[in-house]
Amino acid sequence: MKRLIQIFALTIAAACSLSLTAQTAPADPNLLVTMPSPPDRLTTLTQRCNYIVDNYWKTFNPKSSFSSQGRLNHTLGTFFGFVPYSTADTVFMSIDGLLKQVAKAKPQNLLDLARMAEGWTYSDTAEVRSDELYFPFVEAVALNKKVKGAEKERFVYQYKQLLGSRLGQLAPDFEMTLRDGSKKKFSEVTPRHIILLFYDPDCDECRAAKTRLDADFTISTLIRRKQAAVVAVYTGDDPDWAAASADLPETWVVGKAPEAETLYTMMAQPEIYYILGDTREIQAKDLSATELIEAFRVTFTRSTQKQQEQAR
């Protein structure tokens, strides 16, 4: 899959980077839009991809295109392929324009569009994994009163999850039951660096992440200095979760909070968030233990160097 994504990305980059001669990309018969051709005056990759993204849906017919589900999915996937090389404002304005077209023509079709967007940006096999890209599609479904049906509830649920757990948002608060039976609110955890770890005691990857985080010198040092906290949260319904979590470090905050599953997106186990304690803002998510450890090491090293320079 990774190799396919790389090839896909290179193909898109090549399409955006056509030379300034009369060369044009071969027409794709499966597209439901006419591929925009950037003018020669646009010479950089970003400029050319921005032009394509900005004009991509202008020839789209929202009334007839939904009868060709396969071609529509391909057309949407091709659009997402240009996204990594375009500016965010351009991308979201283009998505907003598409959603308005579909909502005006037939609101119920927003369900099909959201389902396709989920496959490209939010599923386990998504080629352009991004909560931010997916959010406008579920928001369009959730907030449109004309969209009906049982499937809408799934998108409403995802909308509520994404609404509060996107990057830059305030981390939603919840109450957890600790291993000793006492209660604690997540907002009561106040160190500057907060690692929020959603885990399952029976998950092999969770145990591996626990071992790596617990063994890391930097994170352990920051916890000892009360500058960081690891909050490990179980959202399942196993009544013996506390006993199963006995091997988690005593220096961690370990609790059970089924409610948290409705407030945070959890695409995998373990799901790791980094939250800045001062502002309670979500700074990063979908992190691996390796990525988190490396980020903390870099930050810790820079902080130590700065303190040494100030002491001279």
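Numbering of the sequence shown is given in numbering that gives the first Met the number 0, commencing with residue 0 and proceeding in unit increments.
Ideal Cβ placement from N, Cα and C applies to all residues, glycine included.
These figures come from a predicted structure and were not determined experimentally.
Closer than 8 Å by C-beta to Ala21: which residues in its own chain qualify, once you throw out the five before and the five after it? Chain order, please.
Taking the first residue of the sequence shown as 1, we reach residue 21 at position 22. Any reading at Ala21 needs caution, since the residue's pLDDT is 35, under 50, leaving its predicted position unreliable; the model's value is listed next. Nothing meets the Cβ criterion.
How is Met115 classed by DSSP in three states: helix, strand or coil?
Against the sequence shown, residue 115 aligns to sequence position 116. Looking at Met115 - three-state DSSP - the assignment turns out to be helix.
Quick check on the DSSP output: what are the complete beta strand (DSSP E) runs of length 3 or more inside the segment 211-245, in order along the chain?
As far as the segment 211-245 is concerned, its whole beta strand (DSSP E) runs of at least 3 residues are 227-233.
What first and last residue would you give for the alpha helix (DSSP H) that runs through Tyr121?
In the sequence shown, the residue the question calls residue 121 occupies position 122. Element bounds for Tyr121: n/a, residue is neither H nor E.
Tell me, please, whether the segment 260-280 touches the segment 169-187 by the rule of three or more beta-carbon pairs shorter than 8 Å.
Yes: at least three Cβ pairs fall under 8 Å.
For a quick check, are the C-beta atoms of Ala243 and Asp236 less than 8 Å apart?
Residue 243 sits at position 244 when you count from the first residue of the sequence shown. Residue 236 sits at position 237 when you count from the first residue of the sequence shown. At least 8 Å separates the beta-carbon of Ala243 from that of Asp236.
Whole angstroms are fine: how far does the CA of Asp179 sit from the CA of Trp119?
Residue mapping note: residue 119 aligns to position 120 of the sequence shown, counting from 1. Residue mapping note: residue 179 aligns to position 180 of the sequence shown, counting from 1. A straight-line Cα-Cα distance of about 43 Å links Trp119 and Asp179.
Kindly confirm or deny that the segment 227-234 and the segment 248-264 touch, where touching means at least three C-beta pairs closer than 8 Å.
Yes: at least three Cβ pairs fall under 8 Å.
As assigned by DSSP and simplified to three states, the class of Val90:
Within the sequence shown, the letter at position 91 stands for residue 90. DSSP places Val90 in helix when its eight states are reduced to three.
When every heavy atom of the ligand GDP is checked, does at least one fall within less than 7 Å of the C-beta of Arg178?
Only the bare structure without any ligand can be found here, which leaves the ligand GDP out of the picture.
Distance, Ala141 Cα to Glu152 Cα
As a first step, residue 152 is located in the sequence shown; it is residue number 153 there, counting from the start. As a first step, residue 141 is located in the sequence shown; it is residue number 142 there, counting from the start. Their Cα atoms are separated by approximately 8 Å.
Closer than 8 Å by C-beta to Ser191: which residues in its own chain qualify, once you throw out the five before and the five after it? Chain order, please.
Residue mapping note: residue 191 aligns to position 192 of the sequence shown, counting from 1. For the sequence presented, residue 191 should be read as Arg rather than Ser. So the list reads Gln226, Ala227, Leu275, Gly276, Asp277, once near-sequence residues are dropped.
Alpha carbon to alpha carbon, how far is Val297 from Ala208? Give it in angstroms, no decimals.
Start at 1 with the first residue of the sequence shown, and residue 208 comes out as number 209. Start at 1 with the first residue of the sequence shown, and residue 297 comes out as number 298. Spanning the two alpha carbons is a distance of roughly 19 Å.
Cβ neighbours of Ile292 in the same chain (closer than 6 Å, five flanking residues each side left out)
Within the sequence shown, residue 292 is the residue found at index 293, counting from 1. Cβ within range, chain order: Asp215.
Could you check the C-alpha separation between Ile218 and Phe299 for me, to the nearest Å?
If you number the sequence shown from 1, residue 218 lands on position 219. If you number the sequence shown from 1, residue 299 lands on position 300. Answer to the nearest angstrom: the Cα atoms are 9 Å apart.
Three-way DSSP call (helix, strand, coil) for Lys144 in this model
Start at 1 with the first residue of the sequence shown, and residue 144 comes out as number 145. Three-state result, Lys144: coil.
Rounded to a whole number of angstroms, what is the C-alpha to C-alpha distance between Arg47 and Asp203?
Position 48 of the sequence shown, counted from the start, is the residue given in the question as residue 47. Position 204 of the sequence shown, counted from the start, is the residue given in the question as residue 203. Approximately 45 Å between the Cα atoms of the pair.
Does DSSP put Val188 in a helix, in a strand, or in coil?
Here residue 188 refers to the residue found at position 189 when the sequence shown is read from its first residue. Residue state, collapsed to three classes: coil.
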